[in-house]
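Residue numbers (my numbering), protein chains in the order written: chain V, 1 to 401; chain F, 1001 to 1320.
What follows is one structure encoded as structure tokens, with my remarks underneath.
This is the structure in structure tokens:
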């Protein structure tokens, strides 16, 4: 049934209001107080009591007008209060799984979940960073054994160069084994002592003691011939020499592989003591430089020594120096530089801050706005060092080109 | 009615819960709250000898605004901090309500001052205690609403003293149209003025019959319908506000109003026919003349109704 607004009755009622506002209904005895009116307007009365107040307000013009005035005064507040039905403040007991998702418990639960997952993600990121750092460090340190190995190979060449320049008997020999073998073969030659001494120096200075000591030992006596008896006859037949050489080569190769494995195993410990070793070696190199310049240096002694002694001394000095270079050759450090209280080493064309341990770097080009925004102290260091520099500044590594 | 012992226990238990859920109980104890809550229980639940279960009493007290009630009780006990908080938090409410009622700012300030004086209680009773309106706050409604109700009551009382009739409504559109129409020179919708005494008497008698039938029709309505009708026609409240008081939607209030109009029509027609001997034709003619007597043509009324319905629809859709 469609109800239409009755215009005639509407007009009739409005006319009735105009004629006599109080004509309808007689006011009952007793009026409602403010508390009752406010509670009624706020829909805060019990149902059975509410009917009583409706009946009173329907017939009491004064109370009704007071109520209407109250509503007109703040209709928004009255509407809000009425729209929210009065609920018991003490909530009914919910099961635990419903309590979890009931607001504001749901908010707390979601917040706790967010915090937990953030912590897990942060931990994973941190672990990844640490792993990447260790990998970078491993990569850097893995280059050293290869460089040392190269230096070991070079050193005999150096030695051979040194020997060849100083010895008529020692021709240019590619490997220490060949030189030893040849020296073993050329027993009794005038160069034997030289060879022996050179071999011994080779073995002594060939490498860091721990790794190439094994090499040194067989090098010392690969053929089993006592080296200190230059005049002792060669007991093995000359035809077995190539086979011996091949066998010795294989043994050496195997030893090299084993050494590489041991290097890889001890690599982590090396990372920790690397800086100390480098600093010691730097100090040694500097000392060597200073010694050369001092009056009592080897070069001075060599000048006063005889030819053969000079040759041996120079060779030993050269080897020593080469050894010093060899020990640091794996890192190809020429002369470390100091700037701004920091030490820098030159590697692969880049000056590295000794405090740099492989962390992520920020690339900055000189002359750019980014470079200008850097700290002045950092820029001074980069300018002093020159070239491409990796500087650790305030915990952050910068690669300045 | 005196509160029974079983009710007292339930009240005290509920009072303890009230204190625990109050954000600031202001050091009040169960006894103080229980004594304060008991009159409310008697007034609203145990009215006219009615009984209430323990659960109903507990539910009733649980719905009380705990913080507001504790504040008022503390003020009654002359807690200075409570008074400071009351004034600080509700002086704005009082002044705002006073400004809406008073004609100017001076009257508004005067009204607000009167309110605070009434709340504080400058007069003393026979027992020597201050007579304060704070004692009438039960906590069922919000404290802000209660303060506004007090101001509204004081305003009505004040205006009633100044004039016999309280005019708080504004002329409706129909009345404006009626005035315009009556001033219309062509007289197309002017209320007919009878020239001979018989017609004058007849018109008066007709109006009297209609008024009586209308009064009977309104009196025969249910209380809620009657209240809705009066609030709409005599107090000029909007359907939205009326609906909010009763806790339902504005569309529901509109449907109720239309139903009430139909009931009144039936009752008025029946009363005019049976009690006053009118015929169908006379009833229809008079109602039509009454609508026309307001100086409104059907077309204009229809256009205004369309416009009102459109505005109401836009408001409901929160466009306006």
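C-beta atoms are modelled at their ideal positions from N, C-alpha and C, and glycine is treated no differently.
Under 8 Å from the C-beta of residue 132 (chain V): neighbouring residues of chain F:
For the purposes of this step, residue 132 (chain V) is taken as residue 132 along the first chain, with counting starting at 1. Under the 8 Å cutoff, chain F gives no residues; its nearest Cβ is about 52 Å from residue 132 (chain V).
Whole-angstrom Cβ separation of residue 1218 (chain F) and residue 5 (chain V), contact assumed at under 8 Å?
Working through the second chain from its first residue, we reach residue 1218 (chain F) at position 218. Working through the first chain from its first residue, we reach residue 5 (chain V) at position 5. So it is not a contact: roughly 18 Å between Cβ atoms.
Looking only at its chain, what residues have a beta carbon closer than 7 Å to the beta carbon of residue 1028 (chain F), apart from the 5 residues adjacent to it on each side?
Sequence index remark: in the second chain, residue 1028 (chain F) carries index 28 (1-based). Apart from sequence neighbours up to five positions away, the residues of its chain that approach residue 1028 (chain F) with a beta-carbon distance below 7 Å are 1019, 1070, 1073 and 1074, ordered along the chain.
Helix, strand or coil at residue 1047 (chain F) according to DSSP, with G and I counted as helix:
Start at 1 with the first residue of the second chain, and residue 1047 (chain F) comes out as number 47. Of the three classes helix, strand and coil, the one that applies to residue 1047 (chain F) here is helix, per DSSP.
Pop quiz: residue 1147 (chain F) and residue 1087 (chain F) are said to be a contact at Cβ under 8 Å. What is the actual Cβ separation, rounded to whole angstroms?
Reading the second chain from its first residue, position 147 is the one you call residue 1147 (chain F). Reading the second chain from its first residue, position 87 is the one you call residue 1087 (chain F). Residue 1147 (chain F) to residue 1087 (chain F), Cβ: 12 Å. No contact.
Is there a Cβ from chain F that is less than 8 Å from the Cβ of residue 24 (chain V)?
Counting from 1 along the first chain, the entry for residue 24 (chain V) is found at position 24. Residue placement at residue 24 (chain V) is poorly supported in this model, since its pLDDT is 44, which falls under 50; the coordinates still yield a value, given next. Interface with chain F (8 Å Cβ-Cβ cutoff): residue 24 (chain V) is included.
Rounding to the nearest angstrom, what Cα-Cα distance links residue 1015 (chain F) and residue 1220 (chain F) in this structure?
The residue labelled residue 1015 (chain F) in the question sits at position 15 within the second chain. The residue labelled residue 1220 (chain F) in the question sits at position 220 within the second chain. Taking the straight line from one Cα to the other gives about 43 Å.
First through last residue of the beta strand (DSSP E) which encompasses residue 353 (chain V):
For the purposes of this step, residue 353 (chain V) is identified with residue 353 of the first chain, where counting begins at 1. Counting along the chain, residue 353 (chain V) sits inside the beta strand (DSSP E) bounded by residues 350-353.
Cβ atoms of residue 1143 (chain F) and residue 1068 (chain F): under 8 Å apart, would you say?
Taking the second chain and counting its residues from 1, the one referred to as residue 1068 (chain F) is at position 68. Taking the second chain and counting its residues from 1, the one referred to as residue 1143 (chain F) is at position 143. By the CB criterion at 8 Å, residue 1068 (chain F) and residue 1143 (chain F) fall inside the cutoff.
With distance defined between alpha-carbon atoms, name the residue in V:38, V:45 and V:41 nearest to residue 1041 (chain F).
In the second chain, residue 1041 (chain F) corresponds to position 41, counting from 1. For residue 1041 (chain F), the closest of V:38, V:45 and V:41 by C-alpha to C-alpha distance is V:45.
Would residue 1103 (chain F) and residue 70 (chain V) qualify as a contact pair, given that the criterion is a beta-carbon distance under 8 Å?
Counted from its first residue, the second chain places residue 1103 (chain F) at position 103. Counted from its first residue, the first chain places residue 70 (chain V) at position 70. No, the pair does not count as a contact, with Cβ atoms beyond the cut-off.
Opening and closing residue of the alpha helix (DSSP H) in which residue 1259 (chain F) lies:
Taking the first residue of the second chain as position 1, residue 1259 (chain F) is located at position 259. Taken as a continuous stretch (DSSP letters only), the alpha helix (DSSP H) holding residue 1259 (chain F) covers 1250-1274.
Give the residues of chain F in contact with residue 35 (chain V), contact being defined as C-beta atoms less than 8 Å apart.
Start at 1 with the first residue of the first chain, and residue 35 (chain V) comes out as number 35. What residue 35 (chain V) touches in chain F: 1136, 1137, 1138, 1140, 1141, 1146 and 1149.
Does residue 1060 (chain F) get closer than 8 Å to chain V when you measure Cβ to Cβ?
Locating residue 1060 (chain F) in the second chain gives position 60, where the first residue counts as 1. Closer than 8 Å to some Cβ of chain V, the Cβ of residue 1060 (chain F) qualifies, so yes.
What in chain V is Cβ-close to residue 1196 (chain F), meaning under 9 Å?
The sequence position of residue 1196 (chain F) within the second chain is 196, counting from 1. By Cβ distance, chain V contributes nothing, its closest Cβ being about 23 Å from residue 1196 (chain F), past 9 Å.
Which residues does DSSP pair with residue 400 (chain V) in a beta bridge?
The residue labelled residue 400 (chain V) in the question sits at position 400 within the first chain. Beta-bridge analysis with DSSP links residue 400 (chain V) to V:364 and V:389.
According to DSSP, simplified to helix, strand and coil, what is residue 359 (chain V)?
Locating residue 359 (chain V) in the first chain gives position 359, counting from the first residue. The answer is coil: DSSP assigns residue 359 (chain V) none of H, G, I, E or B.
Buried or exposed by the 16-neighbour rule on C-beta atoms within 10 Å, applied to residue 1263 (chain F):
The residue given as residue 1263 (chain F) occupies position 263 in the second chain. A residue is called buried once 16 or more other Cβ atoms fall within 10 Å of its Cβ, and residue 1263 (chain F) is buried on that count.
Segment limits, alpha helix (DSSP H) that includes residue 5 (chain V):
As a working note, residue 5 (chain V) is residue 5 in the first chain. In this chain, residue 5 (chain V) is not harboured by any alpha helix (DSSP H), its DSSP state being neither H nor E.
Here's a check: name, in chain order, each residue in its chain whose Cβ is nearer than 6 Å to the Cβ of residue 1118 (chain F), leaving out the five neighbours to either side.
Against the second chain, residue 1118 (chain F) aligns to sequence position 118. Exclusion of the five residues before and after residue 1118 (chain F) leaves 1133 as the residues of its chain whose Cβ lies within less than 6 Å of its Cβ.
Counting along the chain, where does the alpha helix (DSSP H) carrying residue 1226 (chain F) start and finish?
Numbered from 1 along the second chain, position 226 holds the residue referred to as residue 1226 (chain F). It spans 1223-1233 - the alpha helix (DSSP H) in which residue 1226 (chain F) sits, taken as one unbroken run.
Among the residues of its own chain, which have a CB less than 8 Å from the CB of residue 1039 (chain F), if the five just before and after it don't count?
Working through the second chain from its first residue, we reach residue 1039 (chain F) at position 39. Once the five neighbours on either side are set aside, the close Cβ partners of residue 1039 (chain F) are 1138.
Is there a Cβ of chain F sitting closer than 8 Å to that of residue 340 (chain V), yes or no?
By 1-based counting over the first chain, the position of residue 340 (chain V) is 340. Not a single CB atom of chain F sits nearer than 8 Å to the CB of residue 340 (chain V).
When you compare only the Cα positions, how much space is there between residue 125 (chain V) and residue 358 (chain V)?
As a position in the first chain, residue 125 (chain V) is number 125, starting the count at 1. As a position in the first chain, residue 358 (chain V) is number 358, starting the count at 1. When rounded, the distance between both Cα atoms is 17 Å.
Looking only at DSSP bridge pairs, what is residue 338 (chain V) linked to?
Here residue 338 (chain V) is taken as the residue at index 338 of the first chain, counted from 1. V:343.
Answer with yes or no whether the minimum CB distance from residue 1224 (chain F) to chain V is below 8 Å.
Here the question's residue 1224 (chain F) lines up with position 224 in the second chain. For residue 1224 (chain F), the answer is yes, since a Cβ of chain V falls inside 8 Å of its Cβ.
Is residue 1033 (chain F) buried or exposed, if buried means 16 or more other CB atoms sit within 10 Å of its CB?
Residue mapping note: residue 1033 (chain F) aligns to position 33 of the second chain, counting from 1. Here residue 1033 (chain F) is buried: its Cβ has 16 or more other Cβ atoms, across all protein chains shown, within 10 Å.
Reducing DSSP to helix, strand and coil, say where residue 1130 (chain F) ends up.
For the purposes of this step, residue 1130 (chain F) is taken as residue 130 along the second chain, with counting starting at 1. Residue 1130 (chain F) falls in the strand class under three-state DSSP.
Counting beta carbon pairs with one atom in the region 379-395 of chain V and one in the region 339-353 of chain V, are three or more of them shorter than 8 Å?
Touching, per the Cβ criterion.
Residues in the region 1089-1107 of chain F having any Cβ partner in chain V nearer than 9 Å
Within the region 1089-1107 of chain F, the qualifying residues are 1093, 1096, 1097, 1100 and 1101.
Whose C-alpha, out of V:116, V:397 and V:377, is nearest the C-alpha of residue 362 (chain V)?
Taking the first residue of the first chain as position 1, residue 362 (chain V) is located at position 362. If we check each option's Cα against that of residue 362 (chain V), V:397 comes out closest.
I'd like the list of long-range same chain contacts for residue 1273 (chain F), defined as Cβ closer than 7 Å, with 5 residues on each side in sequence excluded.
In the second chain, counting from the first residue as 1, residue 1273 (chain F) sits at position 273. Taking C-beta separations shorter than 7 Å and ignoring five residues to either side along the sequence, the partners of residue 1273 (chain F) in its chain run 1283, following chain order.
With residue 31 (chain V) as the anchor, note down where its alpha helix (DSSP H) starts and where it stops.
Here residue 31 (chain V) corresponds to residue number 31 of the first chain, with the count starting at 1. Per DSSP, residue 31 (chain V) lies in no alpha helix (DSSP H) segment and is marked neither H nor E.
If we call anything under 8 Å between Cβ atoms a contact, is residue 1228 (chain F) one with residue 1253 (chain F)?
The sequence position of residue 1228 (chain F) within the second chain is 228, counting from 1. The sequence position of residue 1253 (chain F) within the second chain is 253, counting from 1. Closer than 8 Å, so yes.
Taking residue 1317 (chain F) as the reference, give the member of F:1202, F:1250 and F:1105 with the closest Cα.
By 1-based counting over the second chain, the position of residue 1317 (chain F) is 317. Taking only the C-alpha atoms, the option nearest residue 1317 (chain F) is F:1250.
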